[in-house]
Amino acid sequence: MIKLKNKMPDYIICLVLGTALGIISKYFDTIAVDGSWRTNTLHYFADLFTRLGIWILIATITAAYSKTLTRAAINTFLFFIGMLISYYTYSAYLFGFFPTRYFIFWGSVALVSPLLAIIVWKAKNNEHLAFILPALPMGLLLNLSLGMGLFYMYVSHIEEFIMYIFLCVIFYKEPKQMVISVVISFVVALIVEQISPFHF
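In terms of my numbering, the sequence shown opens at residue 446 and continues consecutively.
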């Protein structure tokens, strides 16, 4: 009981945060742009929250700074479950239907999120794995921030590139470690570009 009580606040915070962000994200989607600075700003955030990068960043921070590996897995899972349920429940309330196919797809992503959280936690807290594992979330964010071709590369989403830099800061331990992680992250980004059936 004592252990459960000590852990409960972390779990509740992640669940509440995910639920709140799910509602906020859906609310942003409903804003009509009328040219005012307010609606333009809200539309900007609506676009940002419909992209995958911001969720990778939030999930990475949640997992990396959890106190234990188990907490990282549970906190990340509860965050995504709260976000998905609130987002699609709000969608059903607004539009009168429940997008089952999308919910199942993103629900499947939520189910594997604990495994990804374990990778992130080990990348942050294991000195030996800190050279390689950070390149996985970093590479995914880098792929989302860059436009890539056979002989060219450019920044297509500056926000995701800034998030990539944030991940570099989160996983930084020493110069050599970060250089290796950055190099591998570019390789990961290129591999994701070639094999991923989805382009966000």
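We treat Cβ as the ideally placed atom computed from N, Cα and C, and that holds for glycine.
Proximity below 7 Å, CB of residue i to CB of residue j
i, j, result
"residue 517", "residue 511", "yes"
"residue 536", "residue 468", "no"
"residue 587", "residue 626", "no"
"residue 633", "residue 568", "no"
"residue 523", "residue 459", "yes"
"residue 594", "residue 601", "no"
"residue 500", "residue 529", "no"
C-alpha distance - residue i paired with residue j, whole-angstrom precision
i, j, result
"residue 502", "residue 479", "30 Å"
"residue 489", "residue 498", "14 Å"
"residue 463", "residue 605", "20 Å"
"residue 608", "residue 542", "34 Å"
"residue 520", "residue 562", "9 Å"
"residue 534", "residue 540", "10 Å"
"residue 566", "residue 547", "28 Å"
"residue 636", "residue 466", "31 Å"
"residue 572", "residue 564", "13 Å"
"residue 477", "residue 484", "7 Å"
"residue 481", "residue 589", "29 Å"
"residue 545", "residue 576", "40 Å"
"residue 456", "residue 598", "40 Å"
"residue 475", "residue 553", "26 Å"
Residues near residue i in its chain [Cβ-Cβ closer than 7 Å; skip 5 each side]
i, result
"residue 454", "none"
"residue 623", "613 and 617"
"residue 494", "470 and 473"
Residues near residue i by beta carbon distance below 6 Å, same chain, minus five either side
i, result
"residue 526", "555"
"residue 570", "none"
"residue 615", "509"
Close beta carbons around residue i, own chain, < 8 Å, minus the five adjacent residues each side
i, result
"residue 639", "none"
"residue 584", "629, 630, 631, 632, 633, 634, 636 and 637"
"residue 449", "With a pLDDT of only 47 at residue 449, under the threshold of 50, the placement of this residue in the model should not be trusted, and no figure is reported."
Closest by C-alpha distance to residue i, when choosing among the options
i, options, result
"residue 538", "472, 602 and 593", "472"
"residue 560", "508, 589 and 534", "508"
"residue 611", "582, 620, 597 and 598", "582"
Beta bridge counterpart(s) of residue i as assigned by DSSP
i, result
"residue 592", "599"
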